[in-house]
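For reference, the structure discussed in these notes is given below.
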Amino acid sequence: MKILIVEDDPTAATTLSKSLQAHGMTTQIARDGEKALAAISENNFEVIIMDRMMPKMDGIEALGKIRNQGIATPVLILSALGEVDERVEGLEAGGDDYLVKPYALSELIARLNALYKRNHSVQKSDKEWMVAFGVKLNTINGKVFRDDVRVQLQPQERKLLEYFLRHPNQVMTRKMLLEKVWDFHFETDSNLIDTQISRLRTKLDKPFSKALIHTIRGKGYVFAEDLSSIE
Amino acid sequence: MRLAIRQSILLSLLTMVAMLVLYWLVSHFVLVQISSDLKYSLQQLNRVESQQGEKGLIQTLDRLAIENESRGHSHRYYLYQSKDNNILAGTLRHWPDEAKTNDKVSNILFEEKDLPEDWIDMDEGLWPTIATEYSDGSKLLITQSIDSTEQLNDFTMFMMIFLVTAVTLISLFLGWMQGRTILKKIERINNTARSVESGELHQRVELDTHANTDEFDELGIHLNRMLETIERLMNDNKQVSQNIAHDLRKPLTRVQAQLEGLQAQETISSEDLESSLKELENLNKTFNALLQLGRLEASNPKKNFSKVDLSALSNDLSFVYSEMAGDKNIQWQSQIQDGIFLDGDRQLLAQAMINLFENALQYTHSGESIYFSVMKNRGRTSLAIENTGIALTKEQLKEITKPFVRLDNARSSEGNGLGLSLVKAIFNVHGSELQLTVTNNKFMAEAIFDSHD
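From first to last, the protein sequence lines are chains D and Y.
Once you know that position 108 of the first sequence is 92 in this note's numbering, the rest is easy, because the numbers rise by one and skip nothing.
Once you know that position 11 of the second sequence is 127 in this note's numbering, the rest is easy, because the numbers rise by one and skip nothing.
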């Protein structure tokens, strides 16, 4: 995965760059918005990490210019600000995800993977049915089947499953699931997601021979048939 | 003092004006009285003339002259003259030239030569006079010396000067006294202000408890209350700062020790770093919570407000928490009315509810129950969480919403002691209060909101 890191703090940029390289990614650093635009015109990146606060041209402005040039590369905005409207502002400017500093590296990597795969995965499901590993979810009436056996789910559990079906084989952090399933964008120690996962497993995995929801220790959860393909 | 002088001058001027008006009214009243007396006398004498003729009138006038004489101090003078200006009766020696026989009272100048010889010690002057002419051409004149009137006027004038002087002096004295008391009070306030300025925040304005309270005492009372609030806030702040330092130093020290330990190792595995990273992560969470708390208290988060479906949010959260409670063998009861909306921030409200739920789960023992309700009554929405297993004193109830205040039995468990502070701040932002009560070993957290209609 080829990543452009747009970050004005040199220490933060090199630390991040090294960490990502250690996870098998290729990185390039741009120190401000203008340099980022230049780098993008020269190279093709798969994901851009954009710092929100930068001198000269801030992240939002740079993002606007990137989108104006018709470049659709997924952008993850990093910010030290955490207010909800700042997040909304970032996403409205064309950002694809938003992460507040300080963050755990595993959180960032999970999100980068999600952004990368979103751009590269082929949509297998049609409009009515979302399908993966023998699990089917009818997006119209909400009915769920596994191996053609009806599974009864609560609305929030169905939302969780829907998100898993959209992102098979991807590590999802608790934070990501809280954001996507609950639309909660705050820090919490609550076991909300873990409890939901546990209930979903009871209903979707336990009655069947093969488990599909897996826990990746220290990282999050993944919806997959075969864990060996997950990095 | 200048104020007192100004006030006393003003007061004296007002008194003087009042006295002048009084003086004018008195003299005017006396003159009117004299005029009507003169008219009345003339009418009576006219009647005597018409009934008894010239003779009768002369007799009456002579009698009046004797009466006046016997009184020793006559103030009224008469003159009765025939057509050819022969004096028929009366004590006046001369008919003044200006005196017209028009039956009207007018002021005529009487000189010494007009007055009776034996009463020449009388002052001459302008006296009210009335005169008439009878059908036979004879003329009658009545006049009255205004000697006694002048005496009255003199007395009034004297009283006026006396009163004005007295008022001036008294008001000056009172002003001086008042100025002294006020100055004393202001001086006290100034002294306190100086002390507070130099850092002695515990200083208070000295108040007269025995005296009647005036505006300055009230000012002192208000200043004292203000100082108390400021001092309390400062102390709270100090306490929070100390708590921050204390709560953050411990994990930092642990991380330092761990890292120093690792430094001595030859190879470091990721497991070795895990506990240090966990500590740092918790530190960051604490800082984030502190920042959020600061933002909630300082800025106006209302700009993110929208119509929040409180019923739906409560139902979704309550469902998952009922499962968490079930896992701990705690009974979760909920009563959530449908269709309740709030004007608010969904993120904040969810965060507050989660914090309250987590608290309840933490303190409720296995086998006990948690009761959660969201109800609307008369346009007001109540959100309440009740649980057993926690016995708090009233003092503790007040304390636990303060940052970093944790109950002793919670010290060992996870959490940063900011949860309830955040809940309180979030409810405040929504125009509500976090009300904490303990009754019969039941702890209840409740907030009442104005519902969105």
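Positions of the beta carbon are idealized from the N, C-alpha and C atoms, including for glycine.
Span of the beta strand (DSSP E), counted from its first residue to its last, around residue i
i: residue -11/D; result: -14 to -10
i: residue 479/Y; result: Here residue 479/Y belongs to no beta strand (DSSP E); instead the alpha helix (DSSP H) covers 462 to 479.
i: residue 559/Y; result: 558 to 566
i: residue 224/Y; result: 222 to 226
i: residue 255/Y; result: 255 to 260
i: residue 37/D; result: From DSSP, residue 37/D is part of no beta strand (DSSP E); its letter is neither H nor E.
i: residue 60/D; result: 59 to 63
i: residue 114/D; result: 113 to 116
Span separating the alpha-carbon of residue i from that of residue j
i: residue 172/D; j: residue 394/Y; result: 15 Å
i: residue 160/D; j: residue 178/D; result: 13 Å
i: residue 2/D; j: residue 398/Y; result: 24 Å
i: residue 196/D; j: residue 366/Y; result: 41 Å
i: residue 466/Y; j: residue 380/Y; result: 46 Å
i: residue 139/D; j: residue 373/Y; result: 47 Å
i: residue 207/D; j: residue 33/D; result: 25 Å
i: residue 157/Y; j: residue 228/Y; result: 24 Å
i: residue 448/Y; j: residue 553/Y; result: 20 Å
i: residue 161/Y; j: residue 257/Y; result: 10 Å
i: residue 19/D; j: residue 13/D; result: 9 Å
Terminal residues of the alpha helix (DSSP H) in which residue i lies
i: residue 545/Y; result: 535 to 545
i: residue 6/D; result: -6 to 6
i: residue 45/D; result: 43 to 52
i: residue 141/D; result: 139 to 150
i: residue 412/Y; result: 386 to 414
i: residue 381/Y; result: Unbroken run through residue 381/Y: none, as it is neither H nor E.
i: residue 442/Y; result: 426 to 443
i: residue 186/D; result: 176 to 188
i: residue 134/D; result: That residue, residue 134/D, is in no alpha helix (DSSP H); its beta strand (DSSP E) goes 133 to 135.
i: residue 24/D; result: 17 to 26
i: residue 515/Y; result: 510 to 515
i: residue 158/D; result: 158 to 161
Residue burial classification, residue i (beta-carbon count within 10 angstroms, cutoff 16)
i: residue 338/Y; result: exposed
i: residue 307/Y; result: exposed
i: residue 154/D; result: buried
i: residue 211/D; result: exposed
i: residue 535/Y; result: buried
i: residue 199/D; result: exposed
i: residue 190/Y; result: Below a pLDDT of 50, predicted positions are generally treated as unreliable, and residue 190/Y, at 48, falls in that range; the measurement from the model is reported next regardless. That one is buried.
i: residue 188/Y; result: Low per-residue confidence applies at residue 188/Y: pLDDT is 49, beneath 50, and the placement is therefore not dependable enough to give any value.
i: residue 182/Y; result: exposed
i: residue 193/D; result: exposed
i: residue 377/Y; result: exposed
i: residue 79/D; result: buried
i: residue 271/Y; result: exposed
i: residue 321/Y; result: buried
i: residue 247/Y; result: buried
i: residue 145/Y; result: exposed
i: residue 133/D; result: exposed
i: residue 212/Y; result: buried
Residue nearest to residue i in terms of C-alpha spacing, selected from the options
i: residue 461/Y; options: 431/Y, 451/Y, 541/Y; result: 541/Y
i: residue 163/D; options: 132/D, 41/D, 129/D, 81/D; result: 81/D
i: residue -11/D; options: 97/D, 184/D, 6/D, 16/D; result: 16/D
i: residue 490/Y; options: 464/Y, 516/Y, 426/Y; result: 426/Y
i: residue 473/Y; options: 409/Y, 561/Y, 245/Y; result: 561/Y
i: residue 349/Y; options: 498/Y, 389/Y, 519/Y; result: 519/Y
i: residue 459/Y; options: 511/Y, 436/Y, 545/Y; result: 545/Y
i: residue 421/Y; options: 469/Y, 547/Y, 197/Y; result: 547/Y
i: residue 292/Y; options: 200/Y, 138/Y, 403/Y, 123/Y; result: 123/Y
i: residue 75/D; options: 86/D, 62/D, 87/D; result: 62/D
i: residue 5/D; options: 142/D, -8/D, 29/D, -15/D; result: -15/D
Chain Y residues whose Cβ lies nearer than 9 Å to that of residue i
i: residue 201/D; result: Correct list: empty, because the minimum Cβ distance to chain Y is about 10 Å.
i: residue 176/D; result: 433, 436, 437, 440, 470
i: residue 179/D; result: 436, 437, 439, 440, 443
i: residue 183/D; result: 436, 439
i: residue 88/D; result: 393, 397
Proximal residues of chain D, C-beta to C-beta of residue i below 7 Å
i: residue 371/Y; result: Those do not exist, as residue 371/Y stays about 14 Å from chain D at its closest Cβ, beyond 7 Å.
i: residue 401/Y; result: 171
Residues that residue i contacts on chain Y, provided the C-beta gap is smaller than 7 Å
i: residue 169/D; result: 463
i: residue 153/D; result: The contacting residues do not exist; residue 153/D stays about 23 Å from chain Y at best.
Contact list for residue i against chain D, beta-carbon separation under 8 Å
i: residue 466/Y; result: 166, 168, 170
Chain A residues whose Cβ lies nearer than 7 Å to that of residue i
i: residue 23/D; result: In the structure shown, chain A cannot be found, because the protein chains are D and Y.
Contacts of residue i in chain Y (Cβ-Cβ under 8 Å)
i: residue 140/D; result: 432, 435, 436
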